[in-house]
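Colleague: Take this structure first; my questions come after.
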Amino acid sequence: MRSGILIALALLTASCHGPPPTSPGAMAKEPTRLYWGDTHLHTSHSADAYFLQNRSAGPDTAYRWAKGLPVVHPSTRSRVQIRTPLDFLVVADPAEMLGLPLKLMNGDPELNATATGRKWASMMRAGRGAEVFEHEFGAAINRNRPIADFDKDSIKQAAWEDIIAAATRHDAPCSFTSFIGWEWTSTEDGNNLHRNVLYRDDGDVARRMVPYTTAESFNPEELWKWMARYED
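With this note's numbering applied, the sequence shown covers 1275 to 1506.
Okay, here's the thing in structure tokens:
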């Protein structure tokens, strides 16, 4: 899977103009084509993006923006549109606390059943979202110790399904490529050691396992092992 992005980009054009090359020599004869895209875009499913005022721009909005369509900016509420569409996009929301803020604000029963969930939801409703982000959420991430109450597959699953579904809807062969992906957010002692994980698979395969988080390990070698299990 670590080589998936390279394989996918190499085959993007080949799939539009005939069968893919079958050997390194054949690939070397293919004309080089340059594609422009973004492999690290966060949406409202990302806890840091949410607390930085993105309350409404989810994966669908991200893909519309990447395709050059007009969208509403989540903070200013103004109409924004890029002049030249991208060729590809990865919605790479952090696996840690994926989809959490939206669930808190919507009164999710599973989160409300935890003391931390009730505390954070109360603070957010009182307009103290910045405090939650800077002191509660930020401290947990910087210690590489995401809060156990929130690091559950059942909490992440809905956001992960939304990310997969949006990528599936917006993929347009020979025109625009939407890669399924996420961010593994290692920030040990405040050092930014993030890794973006990109899939060459479609949603049916990607949804079999929810993203791996630093709550399980902040050692990148353990992430590689998880990726190997995924490929198996």
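Quick reminder that beta carbons are idealized off the backbone N, C-alpha and C, glycines included.
With a CB to CB cut of under 6 angstroms and the five nearest residues on each side skipped, what residues in its chain are close to Asp1361?
Modeller: Your numbering for residue 1361 matches position 87 in the sequence shown. Cβ within range, chain order: Tyr1309, Trp1310 and Gly1311.
Colleague: Taking the Cβ atom as the reference point for each residue, do Ala1440 and Asp1334 lie within a distance shorter than 8 angstroms?
Modeller: As a first step, residue 1440 is located in the sequence shown; it is residue number 166 there, counting from the start. As a first step, residue 1334 is located in the sequence shown; it is residue number 60 there, counting from the start. A contact, by the Cβ cut-off of 8 angstroms.
Colleague: Measure the CB-CB distance between Tyr1486 and Trp1498 and report whether it falls below 8 angstroms.
Modeller: Here residue 1486 corresponds to residue number 212 of the sequence shown, with the count starting at 1. Here residue 1498 corresponds to residue number 224 of the sequence shown, with the count starting at 1. For Tyr1486 and Trp1498, no; Cβs fall outside 8 angstroms.
Colleague: Determine whether the beta carbon atoms of Asp1436 and Gly1342 lie at a separation below 8 angstroms.
Modeller: Mapped onto the sequence shown, residue 1436 falls at position 162. Mapped onto the sequence shown, residue 1342 falls at position 68. No, they are not a contact pair.
Colleague: Let me know the secondary structure DSSP gives Pro1348 once reduced to three states.
Modeller: Locating residue 1348 in the sequence shown gives position 74, where the first residue counts as 1. Three-state result, Pro1348: coil.
Colleague: Along the chain, where does the alpha helix (DSSP H) containing Thr1451 start, and where does it finish?
Modeller: On the sequence shown, residue 1451 is found 177 positions in, with the first residue counted as 1. For Thr1451, no alpha helix (DSSP H) segment is defined; the enclosing uninterrupted segment is the beta strand (DSSP E) at Thr1451 to Trp1458.
Colleague: For Ala1480, which residues in the same chain have their Cβ closer than 7 angstroms to its Cβ, ignoring the five residues on either side in sequence?
Modeller: Position 206 of the sequence shown, counting from 1, holds the residue named residue 1480. Hits under 7 angstroms: Ile1438, Ile1454 and Tyr1473.
Colleague: How would you label His1319, buried or exposed, when you count the other beta carbons within 10 angstroms and need 16 or more for buried?
Modeller: By 1-based counting over the sequence shown, the position of residue 1319 is 45. So His1319 ends up on the buried side.
Colleague: Can you tell me which of the three DSSP states Gly1401 falls into?
Modeller: Taking the first residue of the sequence shown as 1, we reach residue 1401 at position 127. In this structure, Gly1401 counts as coil in the three-state DSSP scheme.
Colleague: The alpha helix (DSSP H) with His1444 in it runs from where to where?
Modeller: Taking the sequence shown and counting its residues from 1, one reaches residue 1444 at position 170. Looking at the DSSP string, the run of the alpha helix (DSSP H) that includes His1444 is Asp1427 to His1444.
Colleague: Please work out which residues of its chain come closer than 6 angstroms, Cβ to Cβ, to Leu1323, disregarding the five sequence neighbours upstream and downstream, and give them in chain order.
Modeller: Taking the first residue of the sequence shown as position 1, residue 1323 is located at position 49. Just to set this straight, residue 1323 is Ala in the shown sequence, not Leu. Around Ala1323: His1316.
Colleague: Distance check for Thr1313 and Val1364, CA to CA, integer angstroms please.
Modeller: Your numbering for residue 1364 matches position 90 in the sequence shown. Your numbering for residue 1313 matches position 39 in the sequence shown. Looking at the two C-alpha atoms, the distance is approximately 5 angstroms.
Colleague: Got a sec, what are the start and stop residues for the beta strand (DSSP E) Arg1469 sits in?
Modeller: One-based indexing of the sequence shown puts residue 1469 at position 195. Residues Arg1469 to Leu1472.
Colleague: For the stretch 1457 to 1477 against the stretch 1381 to 1394, are there 3 or more C-beta pairs whose distance is under 8 angstroms?
Modeller: no
Colleague: Going by DSSP, what residue range makes up the alpha helix (DSSP H) through Val1479?
Modeller: If you number the sequence shown from 1, residue 1479 lands on position 205. First-last of the alpha helix (DSSP H) with Val1479: Gly1477 to Ala1480.
Colleague: Report the residue from Arg1482, Asn1466 and Trp1458 whose alpha carbon sits nearest the alpha carbon of Glu1496.
Modeller: Along the sequence shown, read from residue 1 onward, the residue named residue 1496 stands at position 222. It is Trp1458.
Colleague: Under a three-way DSSP split, which group does Asp1312 fall into?
Modeller: Taking the first residue of the sequence shown as position 1, residue 1312 is located at position 38. Three-state result, Asp1312: strand.
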